[in-house]
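Visitor: Heads up: the sequence shown runs through residues 10 to 549, numbered per the working numbering.
In this text, a Cβ means the ideal position worked out from N, Cα and C, and glycines have one as well.
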Amino acid sequence: MNTDSETPTASVPPSPRKRRYHDEILKQHARRNFIAFLLAVSSALAYLGWSIWHIDYRYWYIAGPYIFAEAISFISMLLWSEMMMHRREHAPSGLPLQHPPPPVDVIITCCGEPFAIVEKTLRAAVAIKYPDFSVTVANDRHSADLEKLCAELGVKYLARPTHEHRKAGNLNYALAHTSKPFLLVLDADQISHRRILEVLIGYFSVPTIGFVTTYQAFDVPEGDPWGNRDRVFYGAMQTSRNASNSAISCGSGVVYRREALKQIGGFSTWNLVEDLYSSLLMHAVGWKSVYHPFPATHGTAPAEITGHVRQRWQWAVDSLRLIFWRNPMFTKGLSWEQRLNYLSFGYNYLLFGLAYPIFYLLPIWGLFSGCFFMKTTALDFFLWRMPYAITFFIFNRLVTERRHTTKAFRAQAALFEVYISAIIAALFSRTHLPRYSVTKKVSEAPILIERLNHVLPHIAIMALSLSSVVYGFFHRGGNEVFYYLNAAWALWVIWTLLPFTLLALRDPDEKRIKKSYEKRNKQNTEPTVAEWGVDEFPSV
């Protein structure tokens, strides 16, 4: 007599492993990237070995800084390569929502922004399509008009009595006065997409996900002269960090699991802004992150030199303080990939703040002195150095899917003076934070002398570079190759610094900026919410 347990059953083949989004394409890209990396690192090692052997130590005061700069650059290349080798992407629609969808608190942080800007953000948040959410405004500078608007819209209004710990303190106050298991955080200028929660909350069906961060889209003038779209960061770096569970929160357009925040004691108050170090702490205690590579919010970005420099300085200080005083390489709980990826944030600023100024000054010394820091010909130097430069450029183009352009490079390289200042500030702020001010959500109009102060080092270096080219021409003797190599190097320095300098000195006329915004928005080529196949951002 047969029982159910004895009944023969047909063998069922195992279900095929579910492929990740764009899995095959990304694997092909990883193999391609690895080949490009081998070419770049081989060229780099060959050049570095050759240069150390041929360095002329009679000019130790030049040779030393040169070796230092090249060492920083090589280590930066290794960190960058490790981070960018693999990518992980997600579908525009995210993961399916749980049923019933979990409740969400939408928290909008404010700190004195113009009422008109906050009103747009608030009305867009109220219009979010989601069955169970509430909106809370956390205002660090009380506004009677904003409180009135919140009452009209049925929105909770919080104005904490004390103002310690900047945005992190404001968020922690809101955290203590709300209760839902998930929080969507929005900056005062970040207009949210109607389906932001429908798309992002589904990721939390995976119980180990601590936060979901998104691609940030910004209003920028035509041509994005300051590079504020940050296409390399949002389009390449974050998707690469996503592959190793080290994508970071970008502060706005982020959904957090309340349990994850509670486990690390709330939003971190250790740095100037809360996003970077809070992300590290959540990763260190075992939570995972997701980077959704499509815009879910649309905000503003600095349109002139003062706001741009202030914002980049703050980011640099936070990343550098992390390296100097709470180095991720020694943070328990992080994987080695996570440690290296967090280290690369601050190390990038060391590259542009320490190594590049040395590269800017070397041709000036060579042309004025007529001396070379190598015991070989300038032609030999060129033939050994260029393969390294070319192969690394190609590698960069490949791993960023051509987002890394000469324009992006110059936008970063011209901020050397900002990063030098940030390095100094970070070194002297182990137990206390440097002075900090919120990035303004509307463009400022700094006077000429203020704009000039930001680019005096640039003007000085370019003037010396041009003078050295002219001087070297009349004193080149018979060493033509030496002269033309250094002259080309000096002209490259001018080419690198000139756009930033001219842009900084340009009068930030409000009408011109507004007209430029309008033209830029008609030509927007960012990954847009239209790729979700849903309605656009609400018109408010």
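Going by other Cβ atoms of all chains shown within 10 Å of its Cβ, with 16 needed for buried, is ASP284 buried or exposed?
Guide: Start at 1 with the first residue of the sequence shown, and residue 284 comes out as number 275. So ASP284 ends up on the buried side.
Visitor: With distances taken between CB atoms, is the gap from ARG412 to TYR56 smaller than 8 angstroms?
Guide: Indexing the sequence shown from 1 puts residue 412 at position 403. Indexing the sequence shown from 1 puts residue 56 at position 47. No, these two residues do not count as a Cβ contact at 8 angstroms.
Visitor: Given a cut-off of 8 angstroms on the beta-carbon distance, is the pair HIS95 and TYR30 in contact?
Guide: In the sequence shown, counting from the first residue as 1, residue 95 sits at position 86. In the sequence shown, counting from the first residue as 1, residue 30 sits at position 21. No, the pair does not count as a contact, with Cβ atoms beyond the cut-off.
Visitor: At 4 residues or longer, and completely inside the stretch 410 to 450: list those alpha helix (DSSP H) runs for me, N to C.
Guide: 415 to 422, 425 to 436
Visitor: Rounded to a whole number of angstroms, what is the C-alpha to C-alpha distance between VAL229 and VAL208?
Guide: Position 220 of the sequence shown, counted from the first residue, corresponds to residue 229. Position 199 of the sequence shown, counted from the first residue, corresponds to residue 208. When rounded, the distance between both Cα atoms is 26 angstroms.
Visitor: With a threshold of 16 other CB atoms inside 10 Å of the CB of LYS620, please say whether the residue is buried or exposed.
Guide: Nothing can be reported for residue 620, as the shown portion of the chain is limited to 10 through 549.
Visitor: From ALA513 to TYR300, what distance separates their C-alpha atoms?
Guide: Locating residue 513 in the sequence shown gives position 504, where the first residue counts as 1. Locating residue 300 in the sequence shown gives position 291, where the first residue counts as 1. Straight-line Cα distance between these residues: approximately 33 angstroms.
Visitor: When the Cα atoms are used, what is the spatial distance from ILE126 to TYR397?
Guide: To locate residue 126, count along the sequence shown from 1; it is residue 117. To locate residue 397, count along the sequence shown from 1; it is residue 388. If you draw a straight line from the Cα of ILE126 to the Cα of TYR397, it is about 48 angstroms long.
Visitor: Let's test the definition: count the other Cβ atoms within 10 Å of the Cβ of ASP544 and tell me whether it reaches 16, buried, or not, exposed.
Guide: Mapped onto the sequence shown, residue 544 falls at position 535. In this prediction, ASP544 has a pLDDT of 42, which is less than 50 and means its spatial position is unreliable; what the coordinates show is noted afterwards. By the neighbour-count rule (16 or more Cβ atoms within 10 Å), ASP544 is not buried but exposed.
Visitor: Rounded to whole angstroms, what's the CA-CA distance from TYR428 to ALA153? Just pull it up for me.
Guide: Position 419 of the sequence shown, counted from the start, is the residue given in the question as residue 428. Position 144 of the sequence shown, counted from the start, is the residue given in the question as residue 153. Looking at the two C-alpha atoms, the distance is approximately 39 angstroms.
Visitor: Report the CB separation of TYR358 from ILE432 in whole angstroms; it is logged as a contact under 8 angstroms.
Guide: Within the sequence shown, residue 358 is the residue found at index 349, counting from 1. Within the sequence shown, residue 432 is the residue found at index 423, counting from 1. With 8 angstroms as the limit, TYR358 and ILE432 qualify as a contact, their Cβ atoms being about 7 angstroms apart.
Visitor: Which whole runs of the beta strand (DSSP E) in the stretch 287 to 348 are 3 residues long or more, in chain order?
Guide: 297 to 309
Visitor: Here's the rule I'm using: 16 or more other beta-carbon atoms within 10 Å means buried, otherwise exposed. How should ILE116 be labelled?
Guide: Here residue 116 corresponds to residue number 107 of the sequence shown, with the count starting at 1. Buried, because 16 or more other Cβ atoms sit within 10 Å of the Cβ of ILE116.
Visitor: Could you check where the alpha helix (DSSP H) with GLY178 kicks off and where it finishes?
Guide: By one-based count along the sequence shown, residue 178 stands at place 169. Here the alpha helix (DSSP H) through GLY178 covers 175 to 185.
Visitor: Note the first and the last residue of the continuous beta strand (DSSP E) segment covering ASN405.
Guide: Numbered from 1 along the sequence shown, position 396 holds the residue referred to as residue 405. Taken as a continuous stretch (DSSP letters only), ASN405 belongs to no beta strand (DSSP E), being part of the alpha helix (DSSP H) at 387 to 408.
Visitor: Sort THR315, ILE503, SER438 by Cα distance to LEU461 and report the nearest one.
Guide: Locating residue 461 in the sequence shown gives position 452, where the first residue counts as 1. Checking every option, the nearest Cα to that of LEU461 belongs to THR315.
Visitor: Would you call the CB atoms of PHE191 and ARG266 closer than 8 angstroms?
Guide: Start at 1 with the first residue of the sequence shown, and residue 191 comes out as number 182. Start at 1 with the first residue of the sequence shown, and residue 266 comes out as number 257. It is a contact, given that the beta carbons lie within the stated cut-off.
Visitor: Check each candidate in PRO304, VAL464, THR309, THR130 and name the one with the smallest Cα separation from PHE509.
Guide: For the purposes of this step, residue 509 is taken as the residue at position 500 of the sequence shown. Minimum Cα distance to PHE509 is reached at VAL464.
Visitor: Can you list, in chain order, the residues of its chain with a C-beta nearer than 7 angstroms to that of ARG321? Leave out the 5 residues immediately preceding and following it.
Guide: For this step, residue 321 is matched to residue 312 along the sequence shown. The residues are LEU424, VAL427.
Visitor: By the three-class DSSP mapping on this structure, what secondary structure does TYR30 have?
Guide: Against the sequence shown, residue 30 aligns to sequence position 21. Three-state result, TYR30: coil.
Visitor: Please report the distance separating the alpha-carbon of ILE257 from that of TYR243.
Guide: Numbered from 1 along the sequence shown, position 248 holds the residue referred to as residue 257. Numbered from 1 along the sequence shown, position 234 holds the residue referred to as residue 243. Rounded to the nearest angstrom, the two C-alpha atoms are 11 angstroms apart.
Visitor: Rounded to the nearest angstrom, how far is the Cβ of LEU376 from that of TYR480, given a contact under 8 angstroms?
Guide: Indexing the sequence shown from 1 puts residue 376 at position 367. Indexing the sequence shown from 1 puts residue 480 at position 471. Correct: roughly 6 angstroms between the Cβ atoms.
Visitor: By Cβ distance below 6 angstroms, which residues in the same chain neighbour PRO536 in space, the five residues on each side in sequence not counted?
Guide: Stepping through the sequence shown from its first residue, residue 536 is reached at position 527. The predicted model places PRO536 with a pLDDT of 45, which falls under 50 and marks its position as unreliable, so this point remains unresolved.
Visitor: ALA19 to GLY295, Cα distance in whole Å?
Guide: Translated into positions along the sequence shown, residue 19 becomes position 10. Translated into positions along the sequence shown, residue 295 becomes position 286. Low confidence applies here, because ALA19 scores a pLDDT of 38, under 50, leaving its location unreliable; read the following figure in that light. Each residue's Cα considered, the two are about 41 angstroms apart.
Visitor: Per DSSP, SER201 is paired with what?
Guide: Sequence index remark: in the sequence shown, residue 201 carries index 192 (1-based). Partner(s): THR306.
Visitor: If you draw a straight line from the C-alpha of VAL146 to the C-alpha of ALA160, how long is it?
Guide: Along the sequence shown, read from residue 1 onward, the residue named residue 146 stands at position 137. Along the sequence shown, read from residue 1 onward, the residue named residue 160 stands at position 151. The alpha-carbon separation between VAL146 and ALA160 amounts to approximately 11 angstroms.
Visitor: Note down, one range per segment and in chain order, each beta strand (DSSP E) of at least 3 residues found wholly within the stretch 191 to 265.
Guide: List check, beta strand (DSSP E) in window: 191 to 196, 218 to 228.
Visitor: Less than 8 angstroms between C-beta atoms, sequence neighbours within five positions excluded: which residues of the same chain meet that for LEU331?
Guide: In the sequence shown, residue 331 corresponds to position 322, counting from 1. Only ASN280, LEU285, TYR286, LEU289, PRO337, TYR351, PHE354, GLY355 meet the Cβ criterion.
Visitor: So ALA72 and PHE382 are in contact, right, with Cβ under 8 angstroms, and what is the actual spacing, rounded?
Guide: As a position in the sequence shown, residue 72 is number 63, starting the count at 1. As a position in the sequence shown, residue 382 is number 373, starting the count at 1. That pair is a contact at about 5 angstroms.
Visitor: Around the Cβ of PHE404, are there at least 16 other Cβ atoms within 10 angstroms (buried) or fewer (exposed)?
Guide: Your numbering for residue 404 matches position 395 in the sequence shown. Buried is the call here.
Visitor: Applying the criterion that 16 or more other CB atoms from any shown protein chain within 10 Å of the CB defines a buried residue, is SER52 buried or exposed?
Guide: Stepping through the sequence shown from its first residue, residue 52 is reached at position 43. Classification of SER52: buried, given that the 10 Å Cβ count is 16 or more.
Visitor: Per the DSSP calculation, ILE117 is bridged to which residue(s)?
Guide: What you label residue 117 is simply residue 108 of the sequence shown in a count that begins at 1. According to DSSP, which records beta bridges pairwise, ILE117 is partnered with VAL146, LEU195.
Visitor: Of all the options PHE46, TYR365, PRO105, which has the alpha carbon lying nearest to the alpha carbon of PRO74?
Guide: Within the sequence shown, numbered from 1, the residue matching residue 74 stands at position 65. If we check each option's Cα against that of PRO74, TYR365 comes out closest.
Visitor: In angstroms, rounded to a whole number, what distance separates the CA positions of TYR224 and GLY274?
Guide: On the sequence shown, position 215 is the one that residue 224 refers to. On the sequence shown, position 265 is the one that residue 274 refers to. About 26 angstroms.
Visitor: Under 8 angstroms by Cβ, that's how I've got LEU104 and SER255 pegged, so tell me the actual separation to the nearest angstrom.
Guide: Taking the first residue of the sequence shown as position 1, residue 104 is located at position 95. Taking the first residue of the sequence shown as position 1, residue 255 is located at position 246. LEU104 to SER255, Cβ: 20 angstroms. No contact.
Visitor: Do LEU360 and ILE81 have their C-beta atoms within less than 8 angstroms of each other?
Guide: As a working note, residue 360 is residue 351 in the sequence shown. As a working note, residue 81 is residue 72 in the sequence shown. If you check the CB distance, LEU360 and ILE81 come in under 8 angstroms.
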